[in-house]
Structures are given as C-alpha cells and as structure tokens.
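Worksheet: one structure, shown below.
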Amino acid sequence: MKIFLRQHSTSLRLALILGLLVLAFAVSTDFQRIAAGVAVFLLGMMMLEGGFKALGGSVLERLLARATGTLPRALGFGVAATAITQSSSLVSVISISFLSAGLITLQAGIGIIFGANLGTTTGAWLIAGVGVKVDIATYALPLLALGTVLMFQRNPRSHGAGQVLTGIGLLFLGIAFIKDGFDAFSAGFDLTRLALGGIVGLVVYACLGALATVVMQSSHATMLLVITALASGQIGYDNALAVAIGANIGTTVTALIGAGSANYQGKRLALAHLIFNTMTAFVALVLIVPLRFAVDGISDVLGIGADDFALRLAVFHTLFNLLGIGLMIPLIPRLIKLLERRIATPSPSISRPHFIAAQLGDFPAPIVAALQNELWHLYRNAAALICEGLNMRLEDLRASRDVATTVSRSREAIGVDFDARYHDKVKSLHAAILDFTASKSSLALPKDAQARLQELRDGANALVRAVKAAKHMRANVQRFTQGEHGAITSLYDGLRSEIGELFAEIAQLESLPADQRSALTLQEDRAVLGQTYANHAQRAERLLQARQISAGNAASFLNDARYTEELLLSILDAAQAYFREPDRALAEIERILEAPQDDALQDKYAQDKYAQDKAGLS
Amino acid sequence: MSADDLAKKLGKVFSRFGQGKDQKVKPADVRKIIDKLCARRDELQDAVVAAAGTSKSVRLSQKLASVEQLLARAQWLLDEIQTQQPEGPTLD
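Just so you know, the sequences run in chain order S and P.
Positions 22 to 639 (the working numbering) are the ones given, in order, by the first sequence.
Positions 2 to 93 (the working numbering) are the ones given, in order, by the second sequence.
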C-alpha cells in the first residue's frame, strides 16, 4: 500500500484537487467564477512571462550582465525587472542560469532575488490600486484581440509583443472574473464569520496563504485573491495581512522545487531565497502590531483612505519586504559563507563537463558563456594529452622562457595511455559539447548566438583533430626523442618546439586581461605556420643529401611535419574561437581581418597602402 | 586574401548589416582593433630588437610582418567604412 501511494502520489494529489474543485463547483456557481478567474489570471502570467522572454529577454540579459558590479545595482535590477515583467520567477530563472554559467557572482544573484521579492509587491499595488477599482474587463477585451493578431505573426518580436498584450488582457479578465465572483459570493455567504483573531488567526491565515501559493504556484494569484476578497469584505484586514506573509513563504516552495534540478549554484540561490523569505515572514509576524501602525502612518501620508484596506495591504506587503531587505543586507557575507558551507562546490572531474551541464535555461548569454568555458576545459585536457603524448609537459612549456631548450631537455618518455586518456578526457567532453549544441540548436536563439555556438563547436571539433594528429606522429616522436639519435632528433625537436611555442603563447594570451587580448594575435602564428612546412622540407632534404638522415626517416619526418601543421592549425582554430571578441561588432571586424592561411602573406595591396599611409604620416 | 576578396567579404557584411537591424559596426570599433594591433606591433618591435641574433628572431620578425599586414587591412577597412557607410552599417 505504501509503495502504491509513493508511486502514485502525484496522480492521487491531482485527482484529489480536481475532485475538490468539481465538488466546490457543484456547491457554488460563484466559486466557479472565482476559480475560472484564478485560472485565467495564471494563464495570463504564463503568457506574459513567455512574451517578455521573447520580447525583452536579450535586454534583460544585457542589463543583468551589468548588475554584477555592486549589491545596490543587483537589488535595483531585481526590483525593476520584476516590476516591469511582473514575474519574479522569470527573473529568478535568468539569475540562476547566469549564476550557473559563472557570468554573475553569488552575491549578485542574492541581490537580484532580494530585489525581485520587493519588485513583486508592485503587483499588489496594481491590483489594489487599479484592478479592484476600475472596470478592468473593458480594457481586457481589446488587448486580447490585438494581442492575438500579433501572436499569429512570424516575427519573434511581434509574436512576443502579442503574448505580452494577451497576457495583460488575460490578467485583467482574471481579475474581473474574481471580482465579480466575490461580489456575487458576498450576497449569499459571509466568510468573515471564519475570521480568527490573535496569534492563532495570524498563524492559521499565514499557513493558508502559503498553501494557496504552493497550490497555485504564484504569490501574485494569492495576493489577487486576498485583495479582491478584502475589497468585497470577505476577509478581515488582520487575516489578510497574515495571508500576505504566508504568500511570501509559499513562493519559496516553488523555487525549492525548481532548484531540485539545478546545479549547486542554483541550489544556493534557492536556499538564500528560502532563508530570506522565512526570516522576513518571521519578523513580520513578530512585529505585526508595530508594522500595522507604520502602515497606517504611511497610508495617511500617502492619502490612502482609512477604509481602503486593499491599498493598505499593498503598503504592508511592500513595507515588510523592505524590512526584510534591510535586515538581511548586513548579513549577506555571512549568508554567502553559510550557503557555501552547506552546499559545497563539487570537486571537478576533468572527464565531465563543468559548465554546460548546469541549468542554463534558454537564455543566449549564459548558453554561449558556458560553451566557451567548456571549450577551454576541453582545450586544457587536449593540450595536456598532446604534450605528454609527445614527451613534453604543458606546465613546463607555460613556465619556460626558452621553449626550444625546454623541449630539447625533455628526453624521457612520459607514461601515458594515449587512447584511454583520449576516450576519458577528450572524447567524452567532445561528445557532451556536440550534444549540448545540438540540443540548443532547437531553441529560437538569436542568429549571432547560434553562429557563436557553431564557432565554439567547430573549435571543439578542431581540438579532436589536433589530438588525432598527435596520435599519428606519436610513435616516431617517442622513437626519435628519447635519447640522442643525431640529426633526426634535432628535426623532431623542431616539430615539438613549434607545438610547444604555440601552447606557451596561448598561455601568455590567456594570462592577459580580457580587454587587452585579441584573437588576432593568433593570426601571427598562422602567418608563421604558412612558411614552416617548406622550411622543414628544405632542411630534411639537405640532411638527406648530406646522408645525415636516412631516406626512410626523412619520409617519416615529412609526414609528421604535415601532422604537426594540421595539429597547429587545429589548435589555432580552437583558440581563435575561444578568444573571439565578445562584442559582436568587434568580433565581425576580427573575422573580416583574418585571412585564409594560404594567402596570408599575399596581401600586397593592403601592405602597400599601409606603407603609403605610414610614409604619409611620418 | 586580396583586396578584392576583402572587398567581397566587406560587401557581404554590409549587405547583412543593411537589412535594417539594430547594432552598428562603427569606425570607432575598427579604431579599437587598430589600437590593439598598434600595441601588439610596438610590443613585437621591442621583442625583435631584444631577440636580435637568437633563434627567436626569425619567428618574431614573421609575426611582426603579420601584425603590420593586419594593421594595413584594418586601416583599409576603416577607410571603406568611413566612405561607404558614414553612419556605420547595422548588424543583424
């Protein structure tokens, strides 16, 4: 029986809710209207969220990227974004995806979530100030008609605008339904008979508020119900205050459920949200009497009527969330320490993806950033394997001042199972990257984000090509560079030095601040590479003529020189994809300036013009 | 890449930009790239002098030639953008 209940708990819960609803519909037709109003309101919220995502997702992302600097900025972003979109869950999801991709700090994420809590109180103001006072249904109908026309447009922006208009229309319609339902309900029933006073009333109604928010998955819907009920006299003011406090707790349950599938950063943010809302609710319950006095004082100053309990509830909602922020801001450093202790950063496995496995949503900036970081993770694995496969150590090359000398001293074989390492550290990550880009290609991402994802995926493909090239030349490198074998050793050291030089230069580029480095630096290496194979061939030919190397070894060397060329070009492709300018315009200029390797030194026109300009300037 | 190829590539970019979109490649953007290239050229010029007579000298000279070529192209691109699209093209 227990197993049956556990296996079918979701279905049983759904059946219970549906059964209770049907029963209530049979008892009261007014309840039908209220329930339909809530349903239409929730549909409107979903539509609004989808519309803002399509219409302003990129704007939100750009603003969010700037909200990382200071806590006030993060708070401000949270308040403004939630007030505009009326969706704290959209703001939370974007914050979690940015945090998971490493684009914002945990402190910024916490600031945004705190701000979003305050921003969500604007919904209560709108409902109490406009929704229950104006015949809002008259505005709903034209909005629905206009919105639906726009939603049928193919253009994503028009479609998004249509969703926003339809969403607002549905919200208005939902409010009107609920208002009418409560007005009719009041004629037959008096729910104020169920009012509870004192601490019991506070606790019971706070629990009811939390429960309603969990069931409807929206604190806005709970606030709508309580404000409308308050306006039609179906709930007492004190009990309504308790419901508002409970709604704040209930909303964290939704966030906690969502965090179940998030990575450790998402879990930390959800826990911060829970701590903040629970503490705020606790303080509000304890300080309910002074808070009520404060609300009365503020309402009098704002000119809110003594009997306008709906607007006074909105004041209370904002005030206690502000109080919570005021209390929690000084505790944020401690909160971060607590979160980092309770939800530890998992020890990274170099075989598994670090960044693309996180919950990134369908927001372009975190998706691109995560793939860029994962490409670099793959680069590190591939570079270490290539170096060790060719008897060198990546860390020695990075630290070296004279790569050629470092290489010539690397004579001992490094015991590495090349194939096993390739499967474990390169192929597995490459497969994860391919899977990630394939899954994201089905999203309606902007064209430049799609192109960037393809560029990064191609970079990952290039790294695999580089490893395979190293595998082909590995046997000869091992044979001729373990110990001295005369001229052939020197030739192979030359190949290894070229590889080492490139890895050292990439490490140097990586160490520069982002605003000082450029993918164009790697174009220099492409130009150098353009002449390298010919030099190797000439040198091998001279040594063969002088009988310092055998014909067989010369042939092997020339083959391996080609593999080296392929390896270096592939590494350059990957590094250029990674170091590409984040700014779209600058990236486009870089792409224009990058020349195909074959023609790299044939741009006479450009060289002559530059020489003329230089002469003219001097 | 010849000047014709560069012009073709630029033409493609302009035709994409010209579809009434929201972001622009401005002369200031090209100047930013030119500034970075100039800084890199100066750095390489110093490195070439410091490495004179060593095995690194040839590689560094080749890199310097490449940067100078990129600078020439960037300068050409700046001229083209300033003459063809004084207000700057628009990215899609």
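Ideal Cβ positions, reconstructed from N, Cα and C, are used throughout, including at glycine.
Residue i, DSSP secondary structure in three states
i, result
"Asp383 of chain S", "coil"
"Asp23 of chain P", "Reliability fails at Asp23 of chain P, whose pLDDT of 40 lies under 50, so the model's placement of it is uncertain and the value that follows must be treated cautiously. Note: Asp23 of chain P maps to coil in three-state DSSP."
"His338 of chain S", "helix"
"Val437 of chain S", "coil"
"Gly202 of chain S", "helix"
"Asn298 of chain S", "helix"
"Met237 of chain S", "helix"
"Arg414 of chain S", "coil"
"Thr366 of chain S", "coil"
"Asp536 of chain S", "coil"
"Tyr462 of chain S", "Per the sequence shown, the amino acid found at residue 462 of chain S is Ser instead of Tyr. Helix, per DSSP."
"Leu469 of chain S", "The amino acid occupying residue 469 of chain S in the given sequence is Asp; Leu does not appear at that position. Three-state DSSP puts Asp469 of chain S in a helix."
"Pro603 of chain S", "coil"
"Ser113 of chain S", "helix"
"Arg42 of chain P", "helix"
"Leu543 of chain S", "helix"
"Glu519 of chain S", "helix"
"Ala378 of chain S", "coil"
"Arg60 of chain P", "helix"
"Gln70 of chain P", "helix"
"Phe173 of chain S", "coil"
"Asp514 of chain S", "helix"
"Val31 of chain P", "helix"
"Asn284 of chain S", "coil"
"Ser432 of chain S", "According to the sequence shown, residue 432 of chain S is Arg rather than Ser. Note: Arg432 of chain S maps to coil in three-state DSSP."
7 Å Cβ cutoff, residue i in contact with chain P
i, result
"Val61 of chain S", "no"
"Val549 of chain S", "yes"
"Ala540 of chain S", "no"
"Lys614 of chain S", "Lys is not the amino acid found at residue 614 of chain S; the sequence shown has Leu there. It does; some Cβ of chain P falls within 7 Å."
"Leu39 of chain S", "no"
"Ile196 of chain S", "no"
"Gln618 of chain S", "Confidence at Gln618 of chain S is low in this model, with a pLDDT of 40, below 50, so the placement of that residue should be treated as unreliable; the coordinate-derived value is given next. No, no contact with chain P."
"Glu531 of chain S", "no"
"Ala596 of chain S", "no"
"Leu464 of chain S", "no"
"Ile610 of chain S", "yes"
"Leu607 of chain S", "yes"
Residue-chain proximity (residue i, chain S), Cβ-Cβ < 7 Å
i, result
"Gln63 of chain P", "yes"
"Gln24 of chain P", "Unreliable positioning characterises Gln24 of chain P in this predicted model, as indicated by a pLDDT of 49, which lies under 50. The coordinate reading is nonetheless provided below. At least one chain S Cβ lies under 7 Å of Gln24 of chain P."
"Val31 of chain P", "yes"
"Leu71 of chain P", "yes"
"Arg42 of chain P", "no"
"Leu75 of chain P", "The sequence given here places Ala at residue 75 of chain P; Leu does not occur at that position. True, the Cβ-Cβ gap to chain S drops below 7 Å."
"Ser67 of chain P", "yes"
"Ile35 of chain P", "no"
"Thr84 of chain P", "no"
"Gln46 of chain P", "no"
Close beta carbons around residue i, own chain, < 8 Å, minus the five adjacent residues each side
i, result
"Pro28 of chain P", "Leu79, Ile82, Gln83 and Gly89"
"Val336 of chain S", "Val316, Ile319, Ser320, Leu323 and Ile325"
"Ala250 of chain S", "Phe203, Leu212, Ile256 and Ala261"
"Arg414 of chain S", "Cys408, Ser431 and Ile435"
"Arg32 of chain P", "Leu79"
"Pro367 of chain S", "Tyr285"
"Arg54 of chain S", "Phe198, Ile199, Asp201, Gly202 and Ala205"
CB-CB length for residue i against residue j, believed under 8 Å
i, j, result
"Val61 of chain S", "Phe198 of chain S", "6 Å"
"Leu344 of chain S", "Ala305 of chain S", "7 Å"
"Leu124 of chain S", "Ala386 of chain S", "6 Å"
"Ala561 of chain S", "Ala575 of chain S", "5 Å"
Nonlocal neighbours in the same chain, by C-beta distance under 6 Å from residue i, ignoring five residues either side
i, result
"Val389 of chain S", "Ala470 and Arg473"
"Ala137 of chain S", "Gly99, Thr103, Ser109 and Val112"
"Thr143 of chain S", "Ala104"
"Ala420 of chain S", "none"
"Asn394 of chain S", "Phe376"
"Ile38 of chain S", "none"
"Leu550 of chain S", "Leu589"
"Leu186 of chain S", "Leu164, Leu167 and Gly168"
Other residues of its chain near residue i: CB distance less than 7 Å, five sequence neighbours each side excluded
i, result
"Ile34 of chain P", "Ala75"
"Asn402 of chain S", "Ile371, Lys446, Val447 and Leu450"
"Ala265 of chain S", "Gly230, Met244, Val247, Leu334, Phe337 and His338"
Cutoff 7 Å: residue i Cβ touching any chain B Cβ
i, result
"Glu545 of chain S", "No chain B appears in the structure shown, which is made up of the protein chains S and P."
Could you say if the region 546 to 564 of chain S and the region 487 to 494 of chain S meet the contact criterion of at least three C-beta pairs nearer than 8 Å? Too few Cβ pairs lie closer than 8 Å, so no.
When the Cβ atoms of the region 475 to 484 of chain S are set against those of the region 524 to 536 of chain S, are three or more pairs found closer than 8 Å? With the cut-off at 8 Å, the region 475 to 484 of chain S and the region 524 to 536 of chain S do not touch.
Mind the definition here: the region 170 to 181 of chain S touches the region 127 to 141 of chain S only if three or more C-beta pairs lie below 8 Å; say whether that holds. No, they do not touch.
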